[in-house]
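Scroll down for the structure; my scribbles are underneath it.
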Amino acid sequence: LLRWTHPVHGMIAPVEFIPIAEENGSIMAIGEWVLRTACRQAASWDNGHKIAVNLSPVQFAHADLAKLVHQILVETGLSPKRLELELTESTIVADKVRTLHVLRQIKALGVTIAIDDFGTGYSSLDTLRSFPFDKIKLDRSFMADVERSPQAKAIIRAVLTLGRSLDIPVLAEGVETLVQLTILQVEGCNEAQGYFLGRPKPIDQILLIGGSDVRNDQPAATEPARMRLSRPA
Numbered sequence: 003l004l005r006w007t008h009p010v011h012g013m014i015a016p017v018e019f020i021p022i023a024e025e026n027g028s029i030m031a032i033g034e035w036v037l038r039t040a041c042r043q044a045a046s047w048d049n050g051h052k053i054a055v056n057l058s059p060v061q062f063a064h065a066d067l068a069k070l071v072h073q074i075l076v077e078t079g080l081s082p083k084r085l086e087l088e089l090t091e092s093t094i095v096a097d098k099v100r101t102l103h104v105l106r107q108i109k110a111l112g113v114t115i116a117i118d119d120f121g122t123g124y125s126s127l128d129t130l131r132s133f134p135f136d137k138i139k140l141d142r143s144f145m146a147d148v149e150r151s152p153q154a155k156a157i158i159r160a161v162l163t164l165g166r167s168l169d170i171p172v173l174a175e176g177v178e179t180l181v182q183l184t185i186l187q188v189e190g191c192n193e194a195q196g197y198f199l200g201r202p203k204p205i206d207q208i209l210l211i212g213g214s215d216v217r218n219d220q221p222a223a224t225e226p227a228r229m230r231l232s233r234p235a
C-alpha cells in the first residue's frame with residue numbers, strides 16, 4: 003500500500019488519504035503514477051522479481067484501464083508476467099460484470115491478478131468461481147485472531163485447502179509474530195506478509211537491507227514485506 007511521506011507530518015498511512023483521494027477523484031492520477039513508478043522500478047531490477055500494485059475500486063470506472071496497463075508496460079519495458087495487480091472483493095461486488103470484463107482484459111496481457119482481503123466480503127466463494135485469480139490474499143483479521151481462536155485457525159486451514167484444490171497460492175496478510183508465522187508454516191501456507199517480516203520502507207532502504215542486485219531508480223514507499231514459506235523440518 004502507498005504511503006505518503008509528508009514534509010511536515012511525516013509518514014501518512016493510506017487509510018488517512020486514499021479515501022479522500024477516491025472521493026475527490028485524484029485517485030486516478032495517483033493510481034496511474036503509482037503503477038508507472040512501480041513498473042519503472044521493477045524493470046530496472048536484474049533479479050526478475052515481481053511487483054504487486056493495489057488497484058482502487060474507482061480505477062475500475064476508468065474505461066481504458068486495461069489499455070493504460072498495457073501502455074505503461076510498453077513504456078517501462080516491464081514484462082507483463084512480472085506485474086501483479088491486487089483488488090478487493092468489494093471492488094468486484096460493486097459492479098461485477100464490468101469488473102470481471104476489465105480483469106479478463108488485463109489478464110490477457112499476461113499480468114497476474116490477486117484477490118485482496120479475501121474472506122471479508124459477502125460472496126468470497128462466488129468470486130473465486132467467477133474469475134481465475136492467480137493468488138488469494140487472506141485478510142489480516144484472521145491472523146490477528148489465530149493465536150487465541152480455534153475458529154480463525156480452522157478458517158485459515160480451510161482457505162489453504164481451498165487454494166490447493168484450485169491450484170491457487172494463498173498469501174496470509176498481517177503476520178506480526180513468530181507464533182503466527184510458525185502456524186502458517188505448519189499449515190503449509192505458500193506466502194506471508196506483515197510487520198514481523200518487515201515494515202514499510204522506501205525502496206532504496208529495502209535494496210540496502212537486501213543487498214540485492216537491483217539497480218535503484220527513485221524511491222517509493224512499499225507495503226509490509228512478504229516472503230515465501232516452507233514447512234518446518
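Under this note's numbering, the residues of the sequence shown are numbered 3 to 235, in order. For glycine and all other residues, C-beta sits at the position ideal for the given N, C-alpha and C.
A direct Cα-to-Cα measurement between E193 and F144 gives close to 15 Å. For the pair G190 and G165, the Cα-to-Cα distance works out to about 11 Å. Burial state of Q182 is buried, judged by a 10 Å Cβ sphere holding 16 or more other Cβ atoms.
For E88, DSSP records a beta bridge to N56, A116. Assignment of I208 by DSSP, reduced to helix, strand and coil, places it in the helix class.
For K98, the enclosing alpha helix (DSSP H) covers residues 98-110. Per DSSP, reduced to three states, the secondary structure at G123 is coil, with no helix or strand assignment.
In the structure shown, the three-state DSSP call for V172 is strand. When rounded, the separation of the alpha-carbon atoms in D119 and E77 is 30 Å. With fewer than 16 other Cβ atoms inside 10 Å of its own Cβ, W35 counts as exposed. Separation of the CB atoms of L75 and L85 is rounded to 7 Å, and the pair is thereby assigned contact status at 8 Å. For K69, the enclosing alpha helix (DSSP H) begins and ends at 67-78.
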